[in-house]
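Quick note, this note's numbering runs 29 ahead of the 1-based positions in the sequence shown.
Note that CB positions come from ideal geometry on N, CA and C, so glycine has one too.
Structure record follows, encoded as structure tokens.
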Amino acid sequence: MSQLHIALRRAVYSPGCLSSPLSRRCFSHYSPLRAAPKQPQPARPTQAAERSMKVVQKELAQIPSDLGILEGTFITPRGKNAPSLFRTPRSFLKLHYHRIKYRFRDRLSLLVLKFTSPKEKGFLRRSLKISRSTVKPTAVALHRQMYTSFAEGDIASLRRICTDGIYESFRGRIGSRPRGETVQWELVKYNKRSRIVSDRGMKLLVDGAAVRQAVVRICSRQKLTRLRRVKNGDAEVVPGSGKEKDVVEYVVLQQRLEAWKPGPWQVWGTTGETTLQDLEEWEKKALE
Numbered sequence: 030m031s032q033l034h035i036a037l038r039r040a041v042y043s044p045g046c047l048s049s050p051l052s053r054r055c056f057s058h059y060s061p062l063r064a065a066p067k068q069p070q071p072a073r074p075t076q077a078a079e080r081s082m083k084v085v086q087k088e089l090a091q092i093p094s095d096l097g098i099l100e101g102t103f104i105t106p107r108g109k110n111a112p113s114l115f116r117t118p119r120s121f122l123k124l125h126y127h128r129i130k131y132r133f134r135d136r137l138s139l140l141v142l143k144f145t146s147p148k149e150k151g152f153l154r155r156s157l158k159i160s161r162s163t164v165k166p167t168a169v170a171l172h173r174q175m176y177t178s179f180a181e182g183d184i185a186s187l188r189r190i191c192t193d194g195i196y197e198s199f200r201g202r203i204g205s206r207p208r209g210e211t212v213q214w215e216l217v218k219y220n221k222r223s224r225i226v227s228d229r230g231m232k233l234l235v236d237g238a239a240v241r242q243a244v245v246r247i248c249s250r251q252k253l254t255r256l257r258r259v260k261n262g263d264a265e266v267v268p269g270s271g272k273e274k275d276v277v278e279y280v281v282l283q284q285r286l287e288a289w290k291p292g293p294w295q296v297w298g299t300t301g302e303t304t305l306q307d308l309e310e311w312e313k314k315a316l317e
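The structure is reproduced here in structure tokens:
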């Protein structure tokens, strides 16, 4: 074997080469990759998740409770407000075409909310339950409680069941009552069965946040009586009050979802029936 070959073998396998600074530096560079599972790395994603939850909660806190009625909420007109099939057939057909179109859109919006929520067992089972059957009795109960609380001046109950806009309106009206005046509200009867005329949902920009709005038509006979104290301490009815009235109200309920968990239903207020002029304005906005 040549002298050069022997010298190279001694240089490569000598103890000085195995313990050289270059060898130690290479080992220390690669060892963290092998030892990574033993390091406390899982703490980092947890901290990031905690920070992201704080950001989400902050963003949710910035969303007002009163989001207004969702644009394009279609309420089918009835009676004199509805166009006639024989007098104005074109308007009649246009109105009912849009009624079908918006009804389909509303149902689709609820399906989108449901199937974008987290999965449970199977594809069709999701964490968000639509529970449409509970909307109508909830609306009837909140409608009665709202007017009863307003008559009694129960601001705390109004704060719980109403969104910001109508709550501020009720609070202002309660505060402006003359001193010594009391109000009594009575629901005499329901003239017709209540009916859901709109039920739709909309996702918000925050992940897992959405809003659902339902409009329920309530036909009832009501009586609002205002009483004031006179000098002898008795109460007398304020002229013009205490008369029974037949009222048709389209009560708007709103429900907010946070982290795909639905909150309580609240009363947003009341709205009116959709007119042909409303449809024309919606069409103009869609073209902008």
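Since V296 and C191 are thought to touch, with beta carbons under 8 Å apart, how far apart are those beta carbons, to the nearest angstrom? With a Cβ gap of about 5 Å, V296 and C191 count as contacting.
Taking all protein chains shown into account, decide if D135 is buried (16 or more other Cβ within 10 angstroms of its Cβ) or exposed. Residue environment analysis places D135 among the buried positions, since at least 16 neighbouring C-beta atoms fall within 10 angstroms of its C-beta.
Identify the continuous beta strand (DSSP E) that holds A243 and give its terminal residues. Unbroken beta strand (DSSP E) run through A243: A239 to R258.
What does DSSP give as the partner residues of D275 in its beta bridges? Note: D275 sits in a beta bridge opposite R250.
Could you tell me which uninterrupted alpha helix (DSSP H) segments, each at least 4 residues in length, are contained entirely in the region 169 to 224, listed from first to last along the chain? Here the runs fully enclosed are 184 to 190 and 193 to 204.
Using the beta-carbon count (16 or more within 10 Å), is I129 buried or exposed? Counting every other CB atom within 10 Å of its CB across the protein chains shown gives I129 a total below 16, marking it as exposed.
Would S156 pass as a contact of K148 if the rule is Cβ separation under 9 Å? It is a contact, given that the beta carbons lie within the stated cut-off.
Is it buried or exposed, T102, if we count other Cβ atoms within 10 angstroms and call 16 or more buried? Using a 10 angstroms sphere on the CB of T102, the tally of other CB atoms reaches 16 or more, which defines it as buried.
Start and end of the alpha helix (DSSP H) containing W311? Its alpha helix (DSSP H) spans residues L305 to L316.
Give the range of the beta strand (DSSP E) segment to which F152 is assigned. If you look at F152, you'll find it in the beta strand (DSSP E) that goes G151 to R155.
What is the DSSP secondary structure of R128, counted as helix, strand or coil? Note: R128 maps to helix in three-state DSSP.
Keeping to the same chain, check which residues put their C-beta closer than 6 Å to that of H127; ignore five residues upstream and five downstream. The answer, listed in chain order, is L308.
Return yes when the Cβ of V226 is within less than 9 Å of the Cβ of R241, no when it is not. Result no, Cβ atoms of R241 and V226 do not sit closer than 9 Å.
Identify, in the order they occur along the chain, each residue of the same chain with its Cβ nearer than 7 Å to the Cβ of I159, setting aside the five sequence neighbours on each side. Correct list, in chain order: L139 and K143.
Where T145 falls: helix, strand or coil (DSSP): For T145, the three-state secondary structure derived from DSSP is helix.
Taking the alpha carbon of T299 as the reference point, which residue from M231, G201, C248 and E215 has its own alpha carbon closest? Minimum Cα-Cα distance from T299 among the listed residues M231, G201, C248 and E215 corresponds to C248.
Check whether the Cβ atoms of L282 and A168 lie closer than 9 Å to each other. Yes, the pair counts as a contact, with Cβ atoms nearer than the cut-off.
On the CB-based measure, 16 or more other CB atoms within 10 Å of its CB, does G292 come out buried or exposed? Result: exposed.
Hey, how far is the Cα of K314 from the Cα of T117? Approximately 25 Å, taken between the alpha carbons.
Per-residue DSSP class, three states only, for M269: Per the sequence shown, the amino acid found at residue 269 is Gly instead of Met. Correct three-state label for G269: coil.
Measure how close the beta-carbons of V217 and K260 come, nearest whole angstrom, since I'm counting them as under 8 Å. V217 to K260, Cβ: 32 Å. No contact.
For S223, which option in P166, V266 and I184 has the closest C-alpha, if you only look at C-alpha atoms? Closest by alpha carbon: P166.
Three-state secondary structure assigned by DSSP to C55: The predicted position of C55 is uncertain, since its pLDDT is 34 and thus under 50; a value taken from the coordinates is nonetheless stated next. Reduced to three states, the DSSP call for C55 is helix.
When you compare the CB positions of I203 and G182, do they come within less than 9 Å of one another, or not? Yes, the Cβ-Cβ distance between I203 and G182 is below 9 Å.
Among A238, D275, I104 and A264, nearest to L96 - alpha-carbon criterion: Cα-wise, what sits closest to L96 is A238.
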